[in-house]
Amino acid sequence: MSNEMNHYISEFKAFQQNGASKSPLWVNDVRQSALSVFTERGFPTTKEEDWKYTNISPIAKSQFKYSSGAANVSAELVQSLLVEGMEQHVIVFVNGHFSKTHSQLNGLQSNVVVKNLIDAYSTHNDIVKEHLSQYVKLQKNPFTALNTTFINDGAFIHVPANVHIVKPIHLIFVSTKNDNDQLVSHIRNLIVVEAGSTVNFVHSFASAQSNNNLTNVVTEVVAKKGSVVELVKVQCESELSYHIENLHVHQYQESRVHIFSLAVGAAIARNDMSVIIDGESTECNLNGLYITSGTQLIDHHTFMHHIHPNCPSHELFKGILMDKSRAVFNGKVYVEPEAQKTDSKQTNRNLLLSDEAIVDTKPELEIFADDVKCTHGAAVGGMNETHSFYLKTRGISEESANGILTVGFAAEATQKIMHPDLRQHVDLIVVDHLRKKFGTANLPDIVHA
């Protein structure tokens with residue numbers, strides 16, 4: 000057995016003696032099964048099609064340590080991550096552990112549950128057991144198997160039927176530096192939205208300082224009949240860190256789900272996002288924006304599975320690449336024979352701001368129904384010289400012209416966010432990030448029509 004596997008087996012033994020003790024026995028059975036899958040499967044390599052363009056050997060070779068508890072972070076840091084000017088319910092995790100000190104969960108509507116997973120085992124065990132680890136496929140993704148091996152804490156959210164939550168629920172995940180070890184956070188989130196309910200979520204991932212931690216997240220979302228769910232992810236971790244997430248959404252009849260992912264942090268980031276459209280007249284909108292610089296690598300793999308007829312899905316991912324950075328986009332739409340009248344559109348566009356930046360894009364369609372409307376497309380290119388020339392003829396410098404066009408390129412993606420406060424929050428982060436990377440404050444704000 001490799002040194003990597005021996006390390007994680009040793010970590011698991013220590014975890015069982017310490018952090019695992021607060022969970023029910025059935026959770027330990029889930030962990031043991033996942034450990035078997037992980038040790039048999041091992042870390043993925045570039046010889047595998049799904050990991051062909053993403054070399055994760057820096058992650059595999061690092062001996063990440065499981066953090067024993069939540070470290071201290073300042074209230075100012077948590078405050079800086081909130082959506083400014085918006086009322087929100089806040090649940091905070093530090094290095095994968097619940098931080099009661101920084102969470103703000105007062106004023107939740109009747110019967111709405113927002114708590115950490117460890118507490119949910121004792122108060123809502125039936126719901127947790129019914130859904131936890133029932134949707135993600137351990138064999139398909141070794142990082143998901145590794146996460147499941149160390150299932151312990153994360154967010155548990157249950158929205159009862161026919162409840163319209165007014166304030167968005169904000170999940171904040173902070174990683175902190177440890178002078179002696181590289182830490183790993185195996186975060187496990189479970190969100191169950193019952194029939195007819197409406198809710199908005201934002202997930203923020205941040206680093207308290209520059210660190211080379213690994214954040215390994217699995218988020219399972221269940222959207223029951225007629226529910227409306229929006230999930231906005233903001234990943235702004237240290238550019239020395241590593242980030243892996245497997246987001247799985249299971250939609251039922253007549254539900255509507257809107258997902259947006261902003262990825263600007265981490266040395267290597269991999270986002271697997273799969274949506275199972277398991278009901279007629281169901282709609283999913285899956286969108287995202289990634290901005291890479293330096294030697295960053297950000298990889299998105301999406302999977303949209305149409306099972307039933309009369310379901311639309313729309314997907315727009317855009318990338319802005321600088322320096323020697325890389326990005327990967329692999330989007331797949333799969334249409335079952337019964338899924339007639341499917342209306343699916345998938346688009347990936349990439350703006351290269353450097354001759355040395357590289358993007359690998361691979362949109363895929365597999366269609367087994369004959370009465371569908373499905374399209375896909377991908378584009379990779381540099382700055383539009385005609386548009387840049389037009390701005391320069393109006394007295395705008397080349398640097399400012401390129402900045403304006405880049406902001407405009409990003410705005411088409413962020414416009415897909417439904418909640419106006421969340422959209423503005425993401426816009427501010429995007430422009431602030433571009434100003435830092437461009438080295439100038441002379442970039443316009445994003446203004447949507």
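In numbering that gives the first Met the number 0, the protein residues as written are 0 to 448.
Virtual Cβ for every residue (Gly too), placed ideally from N, Cα, C.
Keep in mind the model is a prediction, meaning the values are calculated, not measured.
Nearest neighbour of Leu364, chosen from Thr341, Leu352, Glu39 and Glu355 [CA to CA] = Thr341
Which class does Tyr251 belong to by DSSP, given the choice of helix, strand or coil?
-> strand
Which value, in whole angstroms, describes the spacing of the CA atoms of Asp152 and Asn401?
-> 44 Å
Taking C-alpha atoms, which residue in Trp25, Val112 and Thr147 lies nearest to Ser35?
-> Thr147
Should the stretch 351 to 363 be called in touch with the stretch 321 to 341, which here means at least 3 C-beta pairs below 8 Å?
-> yes
Identify every residue that forms a DSSP beta bridge with Lys64.
-> Leu182
Please classify Leu421: does DSSP put it in a helix, a strand, or coil?
-> helix
Ala440 classed as buried or exposed, judged by whether at least 16 other C-beta atoms fall within 10 angstroms | exposed
Tell me which same chain residues have a C-beta within less than 7 Å of the C-beta of Val135, skipping the five on either side of it?
-> Thr143, Val217, Glu219, Asn245 and His247
Quick one: what does DSSP say Lys21 is sitting in, helix, strand or coil?
-> helix
Closest by C-alpha distance to Val201, when choosing among Leu170, Gly225 and Gln181 | Leu170
Among Thr100, Glu279 and Ser240, which residue has its Cα nearest to the Cα of Ser61?
-> Ser240
What whole-angstrom Cβ distance do Ile168 and Val113 have, given they're in contact under 8 Å?
-> 6 Å
Just confirm the distance between the C-beta atoms of Ser343 and His307, as a whole number of angstroms; I'd bet it's less than 8 Å.
-> Contact doesn't hold; Cβ gap of about 13 Å is too wide.
Rounded to whole angstroms, how far is the Cβ of Val334 from the Cβ of Leu351, which I believe are closer than 8 Å?
-> At roughly 32 Å, the Cβ-Cβ gap does not stay under 8 Å, so Val334 and Leu351 are not in contact.
C-alpha distance - Asn94 paired with Leu76, whole-angstrom precision | 14 Å
Any idea if Asn2 is buried or exposed, counting beta-carbon neighbours within 10 angstroms, 16 or more meaning buried?
-> exposed
Compare the Cα-Cα distances from Asn17 to each of Lys46, Val228 and Ser67 and report the closest residue.
-> Ser67
Would you report the Cα separation of Val29 and Ser132, rounded to the nearest angstrom?
-> 8 Å
Who are the near neighbours of Pro336 in its chain, counting only those whose CB is closer than 6 Å to its CB and skipping five residues on each side?
-> Phe367 and Ala368
Just the C-alpha distance for Glu253 and Ala160, rounded to the nearest angstrom, thanks.
-> 14 Å
For Gly238, which of Ile150, Ser174, Thr413 and Leu427 has the nearest alpha-carbon?
-> First, the residue type needs correcting, since residue 238 is Glu and not Gly in the sequence shown. Minimum Cα distance to Glu238 is reached at Ser174.
Taking the alpha-carbon positions, what's the Leu81 to Leu404 distance?
-> 28 Å
Under 8 Å between the Cβ atoms of Leu261 and Val430?
-> no
Looking at the unbroken alpha helix (DSSP H) that takes in Phe200, where does it start and where does it end?
-> That residue, Phe200, is in no alpha helix (DSSP H); its beta strand (DSSP E) goes Thr197 to Ser206.
For the alpha helix (DSSP H) containing Gln103, list its first residue and its last residue.
-> That residue, Gln103, is in no alpha helix (DSSP H); its beta strand (DSSP E) goes His96 to Gln103.
Buried versus exposed, by CB contacts within 10 Å (16 or more), His157 | buried
Endpoints, alpha helix (DSSP H) assigned at Pro141 = Pro141 to Thr148
Among all the DSSP beta bridges, which residues are the ones paired with Arg269?
-> Ile243 and Asp298
Rounded straight-line distance, which links the Cα of Gln423 to that of His447 = 9 Å
For Gly381, collect the residues of the same chain with a Cβ closer than 8 Å to its Cβ; drop the 5 residues on either side in sequence, then sort them by chain order.
-> Leu350, Leu351 and Leu352
Three-way DSSP call (helix, strand, coil) for Gln234 in this model = strand
Identity of the residues DSSP links to Ser174 by a beta bridge | Ser206
C-beta atoms of Ile275 and His249 nearer than 8 Å = yes
Starting from Val77, trace the alpha helix (DSSP H) both ways and give me its first and last residue.
-> Ala74 to Leu80
CB-CB under 6 Å to Asn284, same chain, minus the five flanking residues each way: which ones, in chain order?
-> His257 and His313
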